[in-house]
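Participant: Pasting a structure below so you can have a look.
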Amino acid sequence: MKVKFNEIATGDAIAAPAYTGAALSDAAKALDAESGGAITRALKTSRFTGAPGQVLALSAPSDMSAARLVLFGLGDKKALNGNALEQAAAGVAKSLLTSGAKVLSLRLDGVADLEGAARAGLGARMAAYRFDKYRTRLSDDKKPSLEALEIVVTDAKAAKRTWKDWEPVGDGVELARDLVNEVPNVLGPEEYARRVKKLDKLGLEIEVMGEAAMKKLGMNALLGVGLGSAQESQFIVMKWMGGKDGYQPIAFVGKGVTFDTGGISLKPGEKMDEMKGDMGGSAAVVGLMAALAGRKAKANVIGVIGLVENMPDAKAQRPGDVVTSMSGQTIEILNTDAEGRLVLADALWYTQKQFKPKFMIDLATLTGAILIALGHEPAGIFSSDDRLADQLFKAGKASDEGVWRLPLGPEYDRQIDSDIADMKNIGQGRLAGSITAAQFLKRYTNDVPWCHIDIAGTGMHSGAKDPRLPTFGTGFGVRLLDRLVRDNYEA
Ligand code: BES
Ligand code: MN
Ligand code: ZN
66 MKVKFNEIAT GDAIAAPAYT GAALSDAAKA LDAESGGAIT RALKTSRFTG
116 APGQVLALSA PSDMSAARLV LFGLGDKKAL NGNALEQAAA GVAKSLLTSG
166 AKVLSLRLDG VADLEGAARA GLGARMAAYR FDKYRTRLSD DKKPSLEALE
216 IVVTDAKAAK RTWKDWEPVG DGVELARDLV NEVPNVLGPE EYARRVKKLD
266 KLGLEIEVMG EAAMKKLGMN ALLGVGLGSA QESQFIVMKW MGGKDGYQPI
316 AFVGKGVTFD TGGISLKPGE KMDEMKGDMG GSAAVVGLMA ALAGRKAKAN
366 VIGVIGLVEN MPDAKAQRPG DVVTSMSGQT IEILNTDAEG RLVLADALWY
416 TQKQFKPKFM IDLATLTGAI LIALGHEPAG IFSSDDRLAD QLFKAGKASD
466 EGVWRLPLGP EYDRQIDSDI ADMKNIGQGR LAGSITAAQF LKRYTNDVPW
516 CHIDIAGTGM HSGAKDPRLP TFGTGFGVRL LDRLVRDNYE A
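Residues 66 to 556 in my numbering are what the sequence shown lists, from first letter to last.
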């Protein structure tokens, strides 16, 4: 779906907002007048109250060129913000996606400021996203009809300029979703690396390392996870240097397990297919880097992802194995299904050593326990730095990708001490599983300000009610981290 801006509504469907109490916005009042009072007439016999998410659809009178009119709720006028506009536009777009309507005019003139209009565009694009590449028999009436969203604003030229700064975020979210949704027989580490390499067309500098290069660096924790796979593990560094020359970069690190069977500590069969999404952290980093490059962010940013497939095999690592990580610290593998932390241990160590970043943020579908604690929203964050955690929390509020901080502490850290090595890769029993995993990662940060985001709940979500979310891969993290960079780290 294309997003356009115009100063008049030319679509075959025209939507305008109302606030709490079914109070018509100026745009809706204008539309009501143009339609000879069709909207106020329809309101009289409806239960529409202007609450967020509500839509009232009616046929346009015969003297209008549009076929449908839609009144949609924006809730409390005083509380109107980018999040509300994003959600509302998503709701309207979703309701018309396969309706037969081709061009939806969304009247936000006199309603939204420039960023608000762009956020509406982002929301509608998120709602229009589909992963249909493997449906070869989709009947025409099930295919999306909506080709374009035309956002009506008072200054279309200015709105287009603002959109240039937001459209890449939509692209980044779509890219992340496509990677998470892609099937695991297609998207192994090698194909993943090929796809990421192509992003150099955006101006990203991309370096791909295979197993030989990783062996040289001593990344045995990461390499151990990929031993059972027929595919070669990959390590990718993406650079966007849009900030001041020589300015200390910020870094994002992602877990990219393209499929997690659990390895020799094999997972049960039920829902194992969902483990194609165990690379969601890396997908968020890739989507973020694409977004930052696309909108030419004025920041120096490093993106690092470790790509491996966790398979059981004669060559796979065993529970009981001890590996020496790149940091020199040894790890007793007591459960081969706690593999994400092994990948991140080497990725984090490499990142701080190579780039001396101002901070590191890692994203990972790390623990099932975070789903038990927080459900599908918010994401759990763990940080060694209060300021960074606070910035992330605020970015979560502003982007509508929420996070909630959970504790770290020495009493948790002790749980990962091993009897025979420097540490083991699981805690004591199942208690506080997300925290002991985070404590493990902390040992590889070398005291660089760091935050870990556990997106096992937020990164994949089948059957979400939010109109912005498709089934399964959400692209979580792209908007959150784009916002963090936008608000705090651009020159
Ligand atoms: N990828 C999983 C975590 C996960 C579970 C993500 C469910 C999304 C949905 C991770 O590698 C894993 O298996 N974690 C184990 C750790 C345990 C063995 C200490 C878990 O959470 O059970
Ligand atoms: Mn696992
Ligand atoms: Zn995993």
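Note that beta-carbon positions come from the ideal geometry of N, C-alpha and C, so glycine has one too.
Taking its Cβ as the centre, do 16 or more other Cβ atoms sit within 10 Å of G528, making it buried, or is it exposed?
Facilitator: exposed
Participant: Quickly, what does DSSP pair F17 with across the bridge? List them, please.
Facilitator: Residue 17 is absent from the model: the chain starts at 66 and stops at 556.
Participant: Where the beta carbon is closer than 5 Å to any heavy atom of the ligand ZN, which residues qualify, in chain order?
Facilitator: Those residues, listed in chain order, are V322, D325, D343 and G405.
Participant: Can you name the start and end residues of the alpha helix (DSSP H) that I500 belongs to?
Facilitator: G498 to K507
Participant: List the whole-angstrom C-beta distance separating S294 from D402, where the pair is believed to meet the contact cut-off of C-beta under 8 Å.
Facilitator: Not confirmed; about 15 Å, so no contact.
Participant: One question on the structure: do T430 and I520 come within less than 7 Å of each other, judged by their Cβ atoms?
Facilitator: yes
Participant: Who are the near neighbours of P422 in its chain, counting only those whose CB is closer than 7 Å to its CB and skipping five residues on each side?
Facilitator: Q313, P314, I315, A316, I367, T416 and V513
Participant: Quick one: what does DSSP say P249 is sitting in, helix, strand or coil?
Facilitator: coil
Participant: Check whether the Cβ atoms of I481 and F458 lie closer than 7 Å to each other.
Facilitator: no
Participant: Quick check for students: name the residue ranges of the alpha helix (DSSP H) that lie wholly in the stretch 188 to 271, counting only runs of 4 or more.
Facilitator: 221 to 229, 232 to 246 and 254 to 262
Participant: Along the chain, where does the beta strand (DSSP E) that runs through R133 open and close?
Facilitator: R133 to G138
Participant: Between which two residues does the beta strand (DSSP E) containing P82 stretch?
Facilitator: Counting along the chain, the beta strand (DSSP E) containing P82 begins and ends at A78 to Y84.
Participant: Starting from N71 and walking both ways along the beta strand (DSSP E), at which residues does that stretch end?
Facilitator: K67 to N71
Participant: Would you say the beta carbon of I446 comes nearer than 6 Å to a heavy atom of the ligand BES?
Facilitator: no
Participant: Keeping to the same chain, check which residues put their C-beta closer than 7 Å to that of V238; ignore five residues upstream and five downstream.
Facilitator: M191, G352, G540, V543 and R544
Participant: In three-state DSSP terms, what is K281?
Facilitator: helix
Participant: Rounding to the nearest angstrom, what Cα-Cα distance links V176 and G165 in this structure?
Facilitator: 27 Å
Participant: Comparing the CB of D402 with every heavy atom of the ligand MN, is any distance shorter than 6 Å?
Facilitator: True, at least one ligand heavy atom lies under 6 Å from that Cβ.
Participant: Taking 8 Å as the threshold, find out whether the stretch 380 to 395 comes into contact with the stretch 258 to 267 through three or more Cβ pairs.
Facilitator: no
Participant: Tell me whether the stretch 100 to 114 and the stretch 142 to 149 touch, counting them as touching only if at least three CB pairs, one residue from each stretch, are closer than 8 Å.
Facilitator: no
Participant: Just the Cα atoms here: how many angstroms apart are K304 and R360?
Facilitator: About 14 Å.
Participant: May I ask you to report which of helix, strand or coil DSSP gives M274?
Facilitator: strand
Participant: Please indicate yes or no: does the CB of G433 lie closer than 6 Å to some heavy atom of the ligand BES?
Facilitator: yes
Participant: Measuring alpha carbon to alpha carbon, tell me which residue in M284, E297, G311 and L187 is nearest E374.
Facilitator: E297
Participant: Could you compute how far the alpha carbon of A556 sits from the alpha carbon of K309?
Facilitator: If you draw a straight line from the Cα of A556 to the Cα of K309, it is about 7 Å long.
Participant: Rank V234, A158 and E151 by C-alpha distance to the C-alpha of A76 and give the top, closest one.
Facilitator: Residue 76 is actually Gly in this sequence, not Ala. Of the candidates V234, A158 and E151, A158 places its Cα closest to the Cα of G76.
Participant: Since Y509 and L413 are thought to touch, with beta carbons under 8 Å apart, how far apart are those beta carbons, to the nearest angstrom?
Facilitator: 4 Å
Participant: State the Cα-Cα distance for the pair V322 and I216, rounded to the nearest angstrom.
Facilitator: 39 Å
Participant: Taking all protein chains shown into account, decide if V248 is buried (16 or more other Cβ within 10 angstroms of its Cβ) or exposed.
Facilitator: exposed
Participant: Please indicate yes or no: does the CB of I491 lie closer than 6 Å to some heavy atom of the ligand BES?
Facilitator: yes
Participant: My guess is that N490 and I398 are in contact by the Cβ rule of under 8 Å, so how many angstroms apart are they, rounded?
Facilitator: Rounded, the Cβ-Cβ distance is 5 Å, consistent with contact.
Participant: At 3 residues or longer, what runs of the beta strand (DSSP E) sit wholly inside the stretch 451 to 504?
Facilitator: Listed in chain order, they are 468 to 470.
Participant: Using a Cβ distance threshold of 8 Å, determine whether the stretch 461 to 475 contacts the stretch 442 to 452, with at least three qualifying pairs required.
Facilitator: Result yes; three or more Cβ-Cβ pairs closer than 8 Å.
Participant: Put K142 into one of helix, strand or coil per three-state DSSP.
Facilitator: Correct three-state label for K142: helix.
Participant: What's the C-alpha gap between A223 and D178?
Facilitator: Spanning the two alpha carbons is a distance of roughly 10 Å.
Participant: Give a yes or no on whether the C-beta atoms belonging to L139 and A125 are separated by under 7 Å.
Facilitator: no
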